[in-house]
Structures are given as C-alpha cells and as structure tokens.
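Written out below as structure tokens is the structure these notes cover.
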Amino acid sequence: MTTTGSNAPAAPADAARRGTGRTPTPPPLLDRLWHRRPAAVALVAAAGVVSGAVWALAVPRGPMNSWSGLALMATGLLLASVAGLVLRHRRAVLLVLAAHVAAFEVVRWPVDGPVVDGIALDSTYGVIGFVTGRMFDGVLLALPALVGVLYGAGAARPGPVLVIRRVLAGVLAVAVLGFAVLVAQPASTDPITWPDGAPVAGSVAELATLRLGGHDQAVMLRGRSDRAPVLLYLAGGPGGTDLGAMRLFGERLESDFVVATWDQRGAGTSYGSLDPASTLTPDRVVADTIELAQRLRDRFDQDRVYLVGNSYGTLVGVLAAQQRPDLFAAYVGTGQMVDVAETDRMFYADTLAWARRTGDDGLVETLARNGPPPYGDVFPYEQALSHGHAWRDDPAFDPSSEPPDNLFVEEYDLVQKVRGLPSFIDTFSVLYPQLQDIDLRVQAAQLQVPVYVVTGEFEARGRIGLAREWFSVLDAPDKQWIELPRSGHRPQFEQPDMFAATMRTVLSETGR
C-alpha cells in the first residue's frame, strides 16, 4: 500500500539535497571544488605556496621566539584544516606542507648562513644546524597540521567514524595542545629576593629589549641595588649567548653590580636581528657596545660602566674602551684574545699533534685535508678549534657553563633554547672571517682606562701566550695580570667565587 500526501516522509536522497537529512548541504563554492578535483588541488597548493612565501619574507631563518613559534603552529593547523576540507582526504596534508616548504626555501634563497644553506650532515655543526633549524621548524608546522587535516577531512566526509579514529585524533590534539603550551611559555628572570623570598627593594631583575644600531637586541639586567655600579658583560663567540651561564654562575656579582648581560646582534635571544647580515661587522658591534654603555650609564645614573669581556668579547671590549675611554671605569678581559688568525693556527697545530698522539687517524686526515686556518666556511673550524678540552688540562671546567647545557634556564623560551646553537653558527659565519686582521698588539697598544687581564692557569697556549705579549706592550693608566688557579678559558664561570672577589678588588681600586 502506497501512502501519499503532505505528511509523507521525504525520500533520503531528496532530504539530503534539501539539507534536512543526515548529510548537510555544503556551501556552493566547496561543493564545486569537491566536483572539480584539479581546481581543488590547485587551491590547496596555492595556499601552501602563499604561506611559505610570507613566512620566508617575515622570518627567513625560522621562528625566533615563543610568539613566532605559536604562529607557525597555527599556520600548520589552518593550512591542513583547509586542505583536508577542500580535498576531503587526509593525504591533503602532504600537498599543502610540500608547497609551503618549497616556497619557503625558494623565497629565502638569498639569505646566507650554514643553518639555512645546503644540508651538511657530515659535520657536527651541520647536524646541529639541520636538527635545530629545518627539523625543528618541521615539527612546529607538521604536528598541528596532522590534527588539522584529520578534523578538516572528517568535516568534509560526514558519517559514522570509527571509535579508534576519534580516540587517536583526540589524543593527537591533546598532545599538540600540550606542546603549544610549552612553546607559549615566555622567557623570564626571577626577582632578586631575601632568604625568606621577599623581593629586595630597589633591586633590578628584568629582560629588556633595546634598539641598538637600528636593531632590537636583548639585555638581561640583574642587581641587588639599582644604585650599584653597572657591569656590562660581552660574551664570546662571535654568536655566543651567556644569559644562562651568568644566571647559573654570575649571581655572586649581583651583590656589587647591576650586571648587564648582553646578547649581541645575531646571538641567542637577539638571533632575529641578524639580518641583513651584510651590515653586521666588528665595527658595528663596537658601536653597539658604546651605545649600550651610554644607555646603561644614563639609566642607572652612573659616570662610567665596568666592561667585562670573554674570548671574542675581549676584542670588542678593548676596541670599545679604546674609542670611548670616558664611558668605562675599567676594562676586564677573561679568556683574552689578541690575534685571532695566529691563535687559530696554534690551535690547529695543537689539535693535529693531539690527534696523531692518540691515534685518531680520521681527525688527522680531516685536518690535513682542510689545512691550517683561515677557512672559507664555518665547518672546518669545528675540527680545528673544538677539541681544546681534550688535548689540554682544565680541572675547573664545568660543562653546564657551555651550550647546550647553559641554555636550559628560564631566561630563554623554548624556541630560543633550540635556536641558541644555530644563532652561534650563523653569526659566527658572518663575523669570524672579518676578525682575521685584528691584532691588539698593533691596533690597541695603548688604552686610557685601567686594564685587568683575568686568565686561567690552564688557558690554551694559543690565547695566553699572545695575551702576555699584548699585556707586556700595553700602555695603560694601570694594568694588572691576574691568574686564577685551576681555570681555563672561562674563569668567570669556572671559579666564580674568585672572579667575584677579583671584581670587588677592581671596584675598590677604581674609586668605588
């Protein structure tokens, strides 16, 4: 028997077309794309290309902090959601991510640096650059994309979904959300407190960003009194960051100074200011040092600033003190550098001798193939310069003062922790070739500020020998050679108590 009339139920197909059944009616544009596969594929690919090009123009070296890391995660989620919805399949994520990555690599092609250039997995520096560069970017982009495509494709194909798929999608979404929470944690520095935890009135504890030489650069300021003398610390490298090392070992200085630990342009938390790299020169770094010293002097109402450099930072410090002695109460050099080219040749000879002595035929072959420095790129320097702790005694050496260990402090957010090593590699490659003609014995034989060279007893001969030569010819109002027992290249962190006592002596001898 057939029933007709206005109350008869609609046929399933008719109901679906009218949107009154189980399958909703898609928007007209989406419906047309579903029926025109080539147009849908082109749209998804174009979305990936546009996003990749925008990212390459905005941050060609990848995310530099928590905000840009979260933005890349959001990009992956959005792209994959749209791709899954338009192509109605989970494999859509492969197309959109491939288009994004291809466009990103093409558009950032003019940007130079070991981390962004061709992949070099035959070098430790190359592996570090790949893992902390492209691979980390890929994780930030791809993990949210997997969630996005699952839900996008699911929304485009309504109907029963296997429970296991729902569970897996939910677990993945929760995992990505947890990762996003970690990425979102901002960098911070603890207040300076009394033993009972109460903040010290008038103390300074902040992470500041200052505009120096037209580029944003980060400075950590810490001291028990904002009326104390200012100590400006210049890290080594070039490209090194010592925010973590100063937090782990520099607290002793905070009782006597406001300690300004600066991430120079391109280094650590200032990595995002590296470009345009062609404008980063030693002269520019010295000019930034002078500008920063002026800013610190004015903010804390001090006549002069105490300047402390380590390794490469000693070259910058000496040249800054030479140009503007009126800004500095004293110059203190730790791990004093004098002539980069001669030091590197001595390191090469010592490393080669050690490799032969210990039977490391692979390293001997590599060093012989590379020849003595200088080199045209960063990777050969790894073999020539990075084995110093193996072929010389350094009883007070503490690996936690060196990267990557010293990056695991709250003064870096998660992205900055990961970027600490690539920032060194890229910035080193820009500045190090420009240091080859520096010789302080010739260019800085006279300074108009008191000079203290604080060296470790176990410093490498390629540094300490040349430092003695410079010190012997140096003409300064006062100069002192101070050697800390058991220390090597970084006595300020290897024997922090003795270094803090030395700085108190410097303070008392220079009028405070």
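Just so we're aligned, residue 680 is where the sequence shown starts under this note's numbering, counting upward by one. We put the beta carbon where it would ideally sit given N, CA and C, even for glycine.
Whole-angstrom distance between Leu922 and Ala737, CA atom to CA atom: Reading the sequence shown from its first residue, position 58 is the one you call residue 737. Reading the sequence shown from its first residue, position 243 is the one you call residue 922. The straight-line gap from Cα to Cα measures roughly 26 Å.
Endpoints, the beta strand (DSSP E) within which Gln1159 is located: By one-based count along the sequence shown, residue 1159 stands at place 480. Segment Lys1158 to Leu1163, the beta strand (DSSP E) holding Gln1159.
Paired residues, beta bridge with Asn1049 - DSSP: Walking along the sequence shown from the start, residue 1049 turns up at place 370. Bridge partners of Asn1049: none, in fact.
His714, DSSP secondary structure in three states: Working through the sequence shown from its first residue, we reach residue 714 at position 35. His714 falls in the helix class under three-state DSSP.
Simplified DSSP assignment, three categories, for Met899: Mapped onto the sequence shown, residue 899 falls at position 220. Met899: strand per DSSP, three-state reduction.
Residues that Tyr648 bridges to, as DSSP identifies them: Only positions 680 to 1191 of the chain appear in the structure, and residue 648 is not among them; the question remains open.
Segment contact flag, the segment 1074 to 1084 with the segment 771 to 784, C-beta cutoff 8 Å, min 3 pairs: no
Burial state of Gln864, where buried means 16 or more other Cβ atoms lie within 10 Å: In the sequence shown, the residue the question calls residue 864 occupies position 185. The residue in question, Gln864, is exposed, as its Cβ has fewer than 16 Cβ neighbours within 10 Å.
Option in Gly892, Arg903, Met899 and Gly876 with minimal Cα separation from Ser882: The count along the sequence shown starts at 1 and reaches residue 882 at position 203. Checking every option, the nearest Cα to that of Ser882 belongs to Arg903.
Thr920 in three-state terms, based on DSSP: Counting from 1 along the sequence shown, the entry for residue 920 is found at position 241. Secondary structure of Thr920 (DSSP, three-state): coil.
Residue nearest to Ala750 in terms of C-alpha spacing, selected from Arg844, Trp734 and Thr1022: Along the sequence shown, read from residue 1 onward, the residue named residue 750 stands at position 71. If we check each option's Cα against that of Ala750, Trp734 comes out closest.
Sub-8 Å separation of Met1177 and Asp935 beta-carbons: Sequence index remark: in the sequence shown, residue 1177 carries index 498 (1-based). Sequence index remark: in the sequence shown, residue 935 carries index 256 (1-based). Against a cut-off of 8 Å, the Cβ pair of Asp935 and Met1177 comes out as no contact.
One or two residues paired with Ala890 in a DSSP bridge: Taking the sequence shown and counting its residues from 1, the one referred to as residue 890 is at position 211. Per the sequence presented here, residue 890 reads as Arg, with Ala not at that position. DSSP lists Asp895 as partners of Arg890.
Length of the line joining the Cα atoms of Gly1012 and Val1094: In the sequence shown, the residue the question calls residue 1012 occupies position 333. In the sequence shown, the residue the question calls residue 1094 occupies position 415. Rounded to whole angstroms, Gly1012 to Val1094 spans 31 Å at the Cα level.
Which residues DSSP lists as bridging Leu911, in chain order: On the sequence shown, residue 911 is found 232 positions in, with the first residue counted as 1. Answer is Ala939 and Leu986.
Residues near Ile649 in its chain [Cβ-Cβ closer than 8 Å; skip 5 each side]: No statement about residue 649 is possible, as the shown extent of the chain runs from 680 to 1191 and does not include it.
Span of the alpha helix (DSSP H), counted from its first residue to its last, around Gln1174: Position 495 of the sequence shown, counted from the start, is the residue given in the question as residue 1174. Element bounds for Gln1174: n/a, residue is neither H nor E.
Span of the alpha helix (DSSP H) around Tyr1027: Here residue 1027 refers to the residue found at position 348 of the sequence shown. Per DSSP, Tyr1027 belongs to the alpha helix (DSSP H) from Val1019 to Thr1037.
Contact check, Val937 vs Tyr912, beta carbons under 8 Å: Position 258 of the sequence shown, counted from the start, is the residue given in the question as residue 937. Position 233 of the sequence shown, counted from the start, is the residue given in the question as residue 912. Contact: no.
Residue closest to Leu658, alpha-carbon to alpha-carbon, out of Ala721, Thr803, Arg836 and Leu822: Here the chain comprises residues numbered 680 to 1191, so residue 658 is not present and cannot be evaluated.
Per DSSP, cross-strand counterpart(s) of Ala848: Against the sequence shown, residue 848 aligns to sequence position 169. Beta-bridge pairing links Ala848 to no other residue.
Counted within 10 angstroms of its Cβ, other Cβ atoms place Val855 as buried (16 or more) or exposed: In the sequence shown, the residue the question calls residue 855 occupies position 176. Under this definition Val855 is a buried residue.
Extent of the continuous alpha helix (DSSP H) to which Ile807 belongs: Looking up residue 807 in the sequence shown gives position 128. Unbroken alpha helix (DSSP H) run through Ile807: Thr803 to Phe809.
Status (buried if at least 16 other CB within 10 Å, exposed otherwise) for Thr888: The residue you call residue 888 lines up with position 209 of the sequence shown. Its Cβ having fewer than 16 others within 10 Å, Thr888 is exposed.
Proximity of Pro1053 and Ala1028 at Cβ, strictly below 8 Å: Position 374 of the sequence shown, counted from the first residue, corresponds to residue 1053. Position 349 of the sequence shown, counted from the first residue, corresponds to residue 1028. For Pro1053 and Ala1028, no; Cβs fall outside 8 Å.
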